[in-house]
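S.K.: Residue numbers (the numbering used here): 16 to 724.
For each residue, glycine too, the CB sits at the ideal point set by N, CA and C.
None of these values were measured; they are calculated from a predicted model.
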Amino acid sequence: MLKTCLSGAATVGLVVGAASPALAQDHSSEENAQQGQPSSASEIIVTARKRNERLSDVPETITAFSSEALTKAGIANVDDIGRQLPNVVLNRRGDNEPNAVIRGVGGFGNTQGVGFYIDDVRNVTDQSARLIDLERVEVLKGPQGTLYGGSSIGGAIKFVTKKPSYDGIEGHVTVEGGGQEILNLEGAVNIPIADGTAAVRISAYADSNGGYLTNPLIVDTRPDESKEYGVRGTLRLNPGENTEILATLRYIRMNNGGYPYYPTSGPSDYSFVSPGITNGFNRKQVLGGIVSLNHDFDFATFTSLSSYTRRENRILWDFSLTGDPDTSVVASQDDPVVSDVVTQELRLASNGDGPLSWLAGLYYSSYSNYDLLSQVDLFFGVPVIGDPNVPDFYDTKTMQRTYAGFANMGYKAGGFEANVGARLDHSTFKGTDNATAQTGKIDKTIVLPKLSLAYKPSRDLMVYASLAKGYEPGKVPVYGDGAFQPYKAETSLNYEVGVKGETFNRLFQYELSGFYITYKDRQFETRVNENGIIVEKIVNVGDSESYGVEFSGTLRPTDNLTISGSAGYLHSTWENGIYDLADVSGNRTPNAPRFTGTLNADYSHPVSDKLKIGLRADIVHNSGFYWDIPNRTQQEDYNLVGFRLSLADIDDRWELAARLVNAFNEKYNYEYQDQINSEIDPVSGACNLCSNARIGQPRLYTVSFSYKF
């Protein structure tokens with residue numbers, strides 16, 4: 016089956032690519048790519064390999080969304096991104112942290128597995144915040160360990176912000192309202208300060224969403240009500256002809272309400288009722304800064320990338336969902352969870368379009384986390400605001416440090432291009448219980464290679480094969496049954512073949528790939544037997560394998576019509592493993608749907624010399640998947656259909672748009688937290704060891720108005 020997937024992907028792509036006329040290499044296009052400029056409207060420049068390249072020239076599977084594509088598709092957060100990608104499950108958890116699984120690699124909860132980046136800086140604090148004023152989003156599939164390090168074992172998602180321009184004052188503002196009492200404001204302004212040497216860009220937003228869950232125990236309470244606002248400012252300086260400095264500061268404040276789950280005895284018992292005996296909250300604020308310095312030495316470009324981010328997070332949750340004051344369990348925090356992240360990257364990359372290209376760099380990061388959960392109480396047995404006579408439930412600090420050196424080299428000859436790279440990565444993780452002074456530590460040094468071979472018979476066709484390794488560092492739990500019992504790193508090895516191309520003067524663009532992944536020592540929380548006592552802890556459960564095929568394509572039959580789509584097949588199973596005291600070999604891995612796909616159609620047409628209309632229809636298909644390792648609970652298959660209608664100025668200065676999300680009100684879950692023997696009494700409605708679920712977005716309409724100046 017594996018050989019069929021890999022060879023089939025390459026064969027079909029070659030047949031399609033053969034329809035493309037053989038053209039001489041377009042050197043002007045390559046020069047534009049190096050400068051970060053597309054040579055045509057249909058081209059997208061990406062920085063997946065930390066240099067500007069055409070998307071079609073990178074020998075790996077990448078999906079890129081331009082700023083215009085993000086707007087038309089209604090992509091405002093990671094939930095929206097995940098629905099647009101084959102073989103991907105991506106959404107926000109109830110605590111506003113992301114869950115991400117790409118090609119069966121990654122995990123929900125304790126292990127992230129997919130790296131998030133803002134302007135090439137790792138983001139572990141506000142990955143789920145609103146996406147605003149972006150140049151593009153890049154989704155890199157497969158391990159990205161060589162250039163991006165650990166915690167990108169399944170892939171990487173990069174947010175590239177718009178940088179200030181020297182061309183003049185310009186900007187935009189958007190207001191959006193609709194169902195669920197939605198009111199969103201977003202805007203940006205670009206201001207040149209000194210001609211060709213200084214400019215600033217400021218963007219800001221404020222979002223309010225009344226939510227769609229209800230709490231029958233407290234009147235006028237919405238457990239998933241959310242408010243979020245943020246501002247970002249970027250200063251661009253060119254103190255010399257060959258030097259550019261970008262300094263960015265961002266502040267974000269989020270509150271997504273309480274514990275937005277409903278109690279259930281099965282994954283098909285969809286409900287919009289979330290009982291709780293207190294008005295909960297999950298408040299997060301983030302302040303972060305990035306300074307980027309680039310200097311062109313003619314033969315190479317030197318880059319220094321420095322960042323510091325602080326996050327403060329407070330919660331008040333009734334996470335038992337019993338609705339009974341006598342049995343409800345409430346978690347509260349007087350003091351915030353404080354996270355501090357520092358990163359520094361130095362790299363030197365060759366310039367020019369010669370046959371040899373190279374890149375080398377050094378990397379350092381530290382991630383500290385101070386966590387004080389004040390109380391876990393039976394209802395209000397002690398005051399939620401804190402009682403000095405009651406000890407903290409836990410008071411812990413963790414610190415993770417990473418040191419790395421990396422290099423990559425490529426060579427082109429006769430239509431062939433070979434790339435080889437490696438990263439030497441050393442990580443340390445230390446955990447401390449401040450109450451007991453107990454500590455634990457784990458470290459690891461690992462080499463993360465990446466190899467690729469590509470052949471381009473013409474500018475519009477590439478066939479490639481690649482091999483890449485990734486890993487997620489091990490850690491030391493600092494509370495719970497498995498406290499101070501370290502679990503080791505998990506690793507993945509990805510084999511991929513693919514083809515990218517364009518036919519008939521870019522009428523049709525396509526990408527087809529086949530992959531095989533071995534995934535070792537996967538990290539999950541499970542129950543284990545320790546000397547006759549059953550405890551819950553995070554362990555290395557076992558090994559899994561994944562293989563599959565992915566396709567994406569864009570057809571432009573006319574200047575006014577664009578049809579795009581994607582499809583994925585994924586087979587992901589456990590090769591070996593023990594979970595909940597049982598052998599799970601042969602089970603399907605969680606959050607790995609067998610079939611996924613999207614289909615979108617965008618049409619625009621002038622209705623006068625000043626106005627044009629736009630129509631969009633899209634559908635997302637997910638064949639369903641298992642939520643858990645034992646394969647007890649399963650998400651049913653679902654299809655999400657959306658529509659968009661717009662009226663705009665012919666020059667795109669303003670636009671009035673209406674959007675309908677989940678038009679047919681399909682029911683599905685974002686999350687499902689399984690409990691064995693979960694049941695709800697049919698008479699009283701009481702919950703006994705209930706499983707918790709978070710239902711997906713129901714039908715929603717919005718209307719927006721945008722203006723550019």
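Please return the same chain residues whose Cβ sits closer than 8 Å to the Cβ of R66, not counting the five positions on each side in sequence.
M.R.: Here residue 66 corresponds to residue number 51 of the sequence shown, with the count starting at 1. For R66, where only same-chain residues beyond five positions count, the Cβ hits under 8 Å are Q49, A364, S372, L374.
S.K.: Can you grab the Cα-Cα spacing for the pair F296 / D148, in whole Å?
M.R.: One-based indexing of the sequence shown puts residue 296 at position 281. One-based indexing of the sequence shown puts residue 148 at position 133. Straight-line Cα distance between these residues: approximately 28 Å.
S.K.: Beta carbon of D643, beta carbon of P605: below 7 Å?
M.R.: Taking the first residue of the sequence shown as 1, we reach residue 643 at position 628. Taking the first residue of the sequence shown as 1, we reach residue 605 at position 590. A contact, by the Cβ cut-off of 7 Å.
S.K.: Could you give the C-beta distance for Y220 and L250, rounded to a whole number, given that I count them as a contact under 8 Å?
M.R.: Residue 220 sits at position 205 when you count from the first residue of the sequence shown. Residue 250 sits at position 235 when you count from the first residue of the sequence shown. At roughly 20 Å, the Cβ-Cβ gap does not stay under 8 Å, so Y220 and L250 are not in contact.
S.K.: In its own chain, which residues sit with a C-beta less than 7 Å from the C-beta of Y418, not counting the 5 before and 5 after it?
M.R.: Walking along the sequence shown from the start, residue 418 turns up at place 403. Only Y379, H441 meet the Cβ criterion.
S.K.: Looking at the structure shown, is Y163 part of a helix, part of a strand, or coil, going by DSSP?
M.R.: Taking the sequence shown and counting its residues from 1, the one referred to as residue 163 is at position 148. If DSSP states are grouped into helix, strand and coil, Y163 belongs with the helices.
S.K.: Should the segment 624–643 be regarded as contacting the segment 654–662, the criterion being three or more beta carbon pairs within less than 8 Å?
M.R.: Yes, they touch.
S.K.: Any idea which residues DSSP pairs A672 with across the strands?
M.R.: Here the question's residue 672 lines up with position 657 in the sequence shown. A672 pairs with S661, S719.
S.K.: Is it buried or exposed, D235, if we count other Cβ atoms within 10 angstroms and call 16 or more buried?
M.R.: Walking along the sequence shown from the start, residue 235 turns up at place 220. D235 is exposed by the Cβ-count criterion.
S.K.: Thinking C-alpha only, which one of I710, V120, V139 is nearest Q415?
M.R.: Counting from 1 along the sequence shown, the entry for residue 415 is found at position 400. It is V139 whose Cα lies nearest to the Cα of Q415.
S.K.: Let me check one thing: in DSSP terms, what residues is S442 bridge-paired to?
M.R.: Residue numbering aside, residue 442 sits at position 427 when the sequence shown is read from its first letter. Its beta-bridge partners are T417, K459.
S.K.: Taking the alpha-carbon positions, what's the F530 to N114 distance?
M.R.: Here residue 530 corresponds to residue number 515 of the sequence shown, with the count starting at 1. Here residue 114 corresponds to residue number 99 of the sequence shown, with the count starting at 1. Spanning the two alpha carbons is a distance of roughly 22 Å.
S.K.: Quick one: what does DSSP say S473 is sitting in, helix, strand or coil?
M.R.: One-based indexing of the sequence shown puts residue 473 at position 458. In the structure shown, S473 sits in a strand (DSSP, three-state: E or B).
S.K.: Looking at K723 and I665, is the spacing between their C-beta atoms short of 7 Å?
M.R.: Indexing the sequence shown from 1 puts residue 665 at position 650. Indexing the sequence shown from 1 puts residue 723 at position 708. No, these two residues do not count as a Cβ contact at 7 Å.
S.K.: Using CA atoms only, rank isn't needed, just tell me which of L585, G583, Y584, G568 is closest to T577.
M.R.: To locate residue 577, count along the sequence shown from 1; it is residue 562. Comparing Cα-Cα distances from T577 to each of L585, G583, Y584, G568, the minimum goes to G568.
S.K.: Flag this pair as touching only if the segment 492–510 and the segment 470–479 have three or more C-beta atom pairs under 8 Å; answer yes or no.
M.R.: No: the two stretches stay apart, fewer than three of their Cβ pairs being nearer than 8 Å.
S.K.: Just confirm the distance between the C-beta atoms of T263 and I305, as a whole number of angstroms; I'd bet it's less than 8 Å.
M.R.: Counting from one through the sequence shown, the residue named residue 263 turns up at place 248. Counting from one through the sequence shown, the residue named residue 305 turns up at place 290. Sure, about 5 Å apart at Cβ, within 8 Å.
S.K.: On a Cα-Cα basis, can you pick out the residue from K625, G429, R326, T518 that is closest to A144?
M.R.: By one-based count along the sequence shown, residue 144 stands at place 129. The shortest Cα separation from A144 among K625, G429, R326, T518 belongs to R326.
S.K.: Within its chain, find whatever has a CB closer than 6 Å to the CB of R668; leave out the 5 residues flanking it on each side and keep chain order.
M.R.: In the sequence shown, the residue the question calls residue 668 occupies position 653. Cβ within range, chain order: K723.
S.K.: Pull up the DSSP beta-bridge partners for T189, would you.
M.R.: Numbered from its first residue, the sequence shown carries residue 189 at position 174. The partner list for T189 (beta bridge, DSSP) reads E201, S721.
S.K.: Got a sec? Which residues, its chain only, sit under 7 Å from P351 by beta carbon, not counting five neighbours each side?
M.R.: For the purposes of this step, residue 351 is taken as the residue at position 336 of the sequence shown. So the qualifying residues of the chain are E327, N328, R329.
S.K.: Is the segment 553–564 in contact with the segment 519–538, if contact means three or more CB pairs nearer than 8 Å?
M.R.: Cβ pair count under 8 Å is three or more, so yes.
S.K.: Excluding five sequence neighbours on each side, which residues of the same chain lie with their C-beta closer than 6 Å to the C-beta of D741?
M.R.: This structure does not reach residue 741, given that the chain is present from 16 up to 724, and the question cannot be answered.
S.K.: Could you tell me which residues DSSP pairs with K178 in its beta bridges?
M.R.: Position 163 of the sequence shown, counted from the start, is the residue given in the question as residue 178. According to DSSP, K178 bridges with nothing at all.
S.K.: Figure out for me which residue from N575, S289, K552 has the closest Cα to the Cα of R237.
M.R.: What you label residue 237 is simply residue 222 of the sequence shown in a count that begins at 1. Measuring from the Cα of R237, the nearest candidate turns out to be S289.
S.K.: Applying the criterion that 16 or more other CB atoms from any shown protein chain within 10 Å of the CB defines a buried residue, is L105 buried or exposed?
M.R.: Locating residue 105 in the sequence shown gives position 90, counting from the first residue. With 16 or more Cβ atoms within 10 Å of its Cβ, L105 is classed as buried.
S.K.: Which residues mark the beginning and the end of the beta strand (DSSP E) in which S638 is found?
M.R.: The count along the sequence shown starts at 1 and reaches residue 638 at position 623. No beta strand (DSSP E) contains S638, which DSSP labels as neither H nor E.
S.K.: Hey, how far is the Cα of A450 from the Cα of Y274?
M.R.: The residue labelled residue 450 in the question sits at position 435 within the sequence shown. The residue labelled residue 274 in the question sits at position 259 within the sequence shown. Roughly 28 Å between the two C-alpha positions.
S.K.: Express the C-alpha separation of A597 and S322 in angstroms, rounding to a whole number.
M.R.: In the sequence shown, counting from the first residue as 1, residue 322 sits at position 307. In the sequence shown, counting from the first residue as 1, residue 597 sits at position 582. Going from the Cα of S322 to the Cα of A597 covers about 45 Å.
S.K.: Please name the residue, chosen from P254, L439, I217, that lies closest to V246 on a Cα-to-Cα basis.
M.R.: On the sequence shown, residue 246 is found 231 positions in, with the first residue counted as 1. Out of P254, L439, I217, I217 has the C-alpha closest to the C-alpha of V246.
S.K.: Could you check if G764 is buried or exposed, using at least 16 other CB atoms within 10 Å of its CB as the buried criterion?
M.R.: Only positions 16 to 724 of the chain appear in the structure, and residue 764 is not among them; the question remains open.
S.K.: Hey, G612 and S587 are a contact pair by Cβ (cut 8 Å); roughly how many whole angstroms apart?
M.R.: By one-based count along the sequence shown, residue 612 stands at place 597. By one-based count along the sequence shown, residue 587 stands at place 572. G612 to S587, Cβ: 17 Å. No contact.
S.K.: Would you mind stating whether T573 and V554 have Cβ atoms separated by less than 7 Å?
M.R.: Position 558 of the sequence shown, counted from the start, is the residue given in the question as residue 573. Position 539 of the sequence shown, counted from the start, is the residue given in the question as residue 554. Their beta carbons are not under 7 Å apart, which means T573 does not touch V554 by this criterion.
S.K.: What residues match up with I710 in a beta bridge as DSSP calls it?
M.R.: Taking the sequence shown and counting its residues from 1, the one referred to as residue 710 is at position 695. Answer by DSSP bridge pairing, in chain order: N684.
S.K.: If you follow the alpha helix (DSSP H) that A616 is in, where does it begin and where does it stop?
M.R.: As a position in the sequence shown, residue 616 is number 601, starting the count at 1. Not the alpha helix (DSSP H): A616 falls in the beta strand (DSSP E), residues 610–621.
S.K.: Hey, how far is the Cα of T506 from the Cα of A63?
M.R.: In the sequence shown, counting from the first residue as 1, residue 506 sits at position 491. In the sequence shown, counting from the first residue as 1, residue 63 sits at position 48. The alpha-carbon atoms of T506 and A63 are separated by roughly 21 Å.
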